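Please read the structure below before turning to the comments.
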Amino acid sequence: MRNDEEEIKRKILVALQKHQQPNFFSKKRLIFSTIASFLIVTGYGLFKLFTPQEKIESNTIKKTSAFYFPMSFCGDISAGGTNKWYRVYVNYTDSNLRRIRKYYCCDAYVNAANQIIVASFYNRSKANKFVTELKSRGFNARRGTGTVVTTTRTRNVNHCK
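Shown next as structure tokens:
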């Protein structure tokens, strides 16, 4: 009887130890982890592949630019009166206009000379900085010589949104 009791106790202890041991390397767990890792890596790769370059560029602009693109209004706000304005121009193409309006300045427009007017500034230095920024983004931007214009005060600058 003593041997039978000891044998039963031993079997119970072995069974308890078996159930209490963590099963970190089970076959099912390993398969699940492998499949989950594959899906995550594949999904991220597809996301990067199908994210438009302009979208990536837009996010970069927000982080690295002195200007906070996209803006609903580019340039200085008019206080009214007669002032010298420095316009910022970009060569007109359909893609330039679409890209500028979507990712930079939604109020950009095409003038009668078939040029995109992106912004106008009172301050020539500020206009130059804006031109430099647009050039760094791949546009053939330039600043105008300065035109004296009489304007009324700008009341609402949120033209696009």
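Going by this note's numbering, the sequence shown opens with residue 866, and the numbers climb by one from there.
Idealized CB from N, CA, C, for every residue including glycine.
No experiment lies behind these values; they were computed from the predicted model shown.
Counting the other Cβ atoms within 10 Å of the Cβ of L999 gives 16 or more, which makes it buried. Inter-segment contact for the stretch 1006 to 1020 and the stretch 946 to 966 is present: three or more beta-carbon pairs are separated by less than 8 Å. With respect to the C-alpha of D972, the residue from M936, T1017, T1016 having the closest C-alpha is M936.
Straight-line measurement puts the Cα of T907 at about 41 Å from the Cα of I981.
Here I982 carries a strand assignment [DSSP, helix/strand/coil].
Straight-line spacing of the CA atoms in I942 and R1018 works out to 8 Å.
DSSP places R1018 outside any alpha helix (DSSP H), giving it a letter other than H or E. Taking the Cα positions, T997 is about 11 Å away from A931.
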